[in-house]
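**Student:**
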Amino acid sequence: RKNKTLRSVLRTKTTMKLLQENMRTHAALNNTMLADDVKVEDILEEVCSMEAWKDKRASKLDLDDFLDLLVEFNKRGIHFS
Numbered sequence: 022r023k024n025k026t027l028r029s030v031l032r033t034k035t036t037m038k039l040l041q042e043n044m045r046t047h048a049a050l051n052n053t054m055l056a057d058d059v060k061v062e063d064i065l066e067e068v069c070s071m072e073a074w075k076d077k078r079a080s081k082l083d084l085d086d087f088l089d090l091l092v093e094f095n096k097r098g099i100h101f102s
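Right, dumping it as structure tokens:
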């Protein structure tokens, strides 16, 4: 198991594709339109560059850390399914 940073785990192509699809699905279910300039990459960079998540290792996070991370993504419109 690799000791990758949180940013590097989230920036994989499959994860980015999944998050983009989840974002579209959530918007469609809530009858909202996504802005054309909203990109998952930018949102991930914004969250991962926060002081709380900068240089954190995904394997070292506990449950409370993951829940806090989930809240940060939910505030920005990214929802996990």
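Numbering (my numbering), first residue to last: 22 to 102.
Positions of the beta carbon are idealized from the N, C-alpha and C atoms, including for glycine.
1) If I follow the unbroken alpha helix (DSSP H) through Val30, where does it start and stop?
2) Confirm, please, whether the CB-CB distance from Leu40 to Val167 is below 8 Å.
3) Could you tell me whether any Cβ in chain B is nearer than 8 Å to the Cβ of Leu82?
4) Please state whether the Cβ-Cβ distance between Asn43 and Ser80 is less than 8 Å.
5) Helix, strand or coil for Arg45? Go by DSSP, reduced to three states.
**Tutor:** Based on what the coordinates show:
1) Taken as a continuous stretch (DSSP letters only), the alpha helix (DSSP H) holding Val30 covers 27 to 31.
2) The chain is shown only over 22 to 102; residue 167 falls outside these bounds and no answer can be derived.
3) Of the protein chains in the structure, only one exists, and it is not chain B.
4) No, the Cβ-Cβ distance between Asn43 and Ser80 is not below 8 Å.
5) Helix, per DSSP.
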